[in-house]
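Going from the sequence shown to our numbering is simple: count from 1 and add 118.
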Amino acid sequence: MSFDLKITNGDLSIGSDGDISVVIGNQKIFQEIKKIVLTDVGENKFHPYYGSRAGSLSVGSIVDYDFISSELKRSVSESITNLIRLKDSQSRYQNLNPSEVILTLDSVDVERDGVDPRVWSIYISVTTQSLDDVNTVINIRM
Numbered sequence: 119m120s121f122d123l124k125i126t127n128g129d130l131s132i133g134s135d136g137d138i139s140v141v142i143g144n145q146k147i148f149q150e151i152k153k154i155v156l157t158d159v160g161e162n163k164f165h166p167y168y169g170s171r172a173g174s175l176s177v178g179s180i181v182d183y184d185f186i187s188s189e190l191k192r193s194v195s196e197s198i199t200n201l202i203r204l205k206d207s208q209s210r211y212q213n214l215n216p217s218e219v220i221l222t223l224d225s226v227d228v229e230r231d232g233v234d235p236r237v238w239s240i241y242i243s244v245t246t247q248s249l250d251d252v253n254t255v256i257n258i259r260m
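Here is the structure:
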């Protein structure tokens, strides 16, 4: 089984016992998806292909709703596919809990906020190897 340090609002989470909290299972998948989508491609110097371009699209250079929507979907789908490959590689060296491994990317949908057009919601649905459906929403501001 693998684990990851729990991140809450961008900071390490410390439990009531004073230890740094960890995440496992489906909560780990939630956190990994959020982390890869919100990391700009190239930001991680050790893994230059890790991340997505979702946060780097700018409204000033791209004004078409359909284009932004399709670019967000493409970039997020590509990053989740990369995450699936990374987890596959990790499983060769470490035993992983089936609830921590993405089996399929089921859907990526995006929606623009009706009140603030700079805010986009990204709806991501995956299925884990334990056949759990994991759905998450990530909001980004451009």
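All residues carry an ideal CB built from backbone N, CA and C; glycine is no exception. Bear in mind that the values here come from a model prediction, so they are computed numbers and not experimental data.
Let me check understanding here. Comparing Cα to Cα, which of the options lies closest to residue i?
{"i": "serine 225", "options": "Thr157, Leu190, Pro235, Asp135", "result": "Leu190"}
{"i": "aspartate 250", "options": "Ser139, Lys146, Ser131", "result": "Lys146"}
To which residues of the same chain is residue i closer than 8 Å at the C-beta, ignoring the five residues directly before and after it?
{"i": "lysine 152", "result": "Thr254, Ile256"}
Near residue i, what residues of its chain come up, given a Cβ to Cβ distance below 6 Å and the 5 sequence neighbours on each side ignored?
{"i": "valine 141", "result": "Asp122, Lys124, Gln149"}
Give the straight-line distance between the Cα atoms of residue i and residue j, rounded to the nearest whole angstrom.
{"i": "isoleucine 202", "j": "isoleucine 240", "result": "18 Å"}
{"i": "aspartate 231", "j": "serine 170", "result": "20 Å"}
{"i": "threonine 104", "j": "glutamate 161", "result": "In the structure as shown, the chain starts at 119 and stops at 260, and residue 104 therefore has no counterpart that could be examined."}
{"i": "leucine 214", "j": "serine 248", "result": "11 Å"}
{"i": "glycine 136", "j": "aspartate 129", "result": "15 Å"}
{"i": "leucine 156", "j": "serine 188", "result": "17 Å"}
{"i": "serine 195", "j": "isoleucine 138", "result": "31 Å"}
Which whole-angstrom value is the C-beta distance of residue i and residue j, which I expect to be below 8 Å?
{"i": "isoleucine 198", "j": "valine 252", "result": "Rounded, the Cβ-Cβ distance is 11 Å, inconsistent with contact."}
{"i": "glutamine 217", "j": "glycine 133", "result": "Checking the sequence shown, residue 217 turns out to be serine, not glutamine. Rounded, the Cβ-Cβ distance is 21 Å, inconsistent with contact."}
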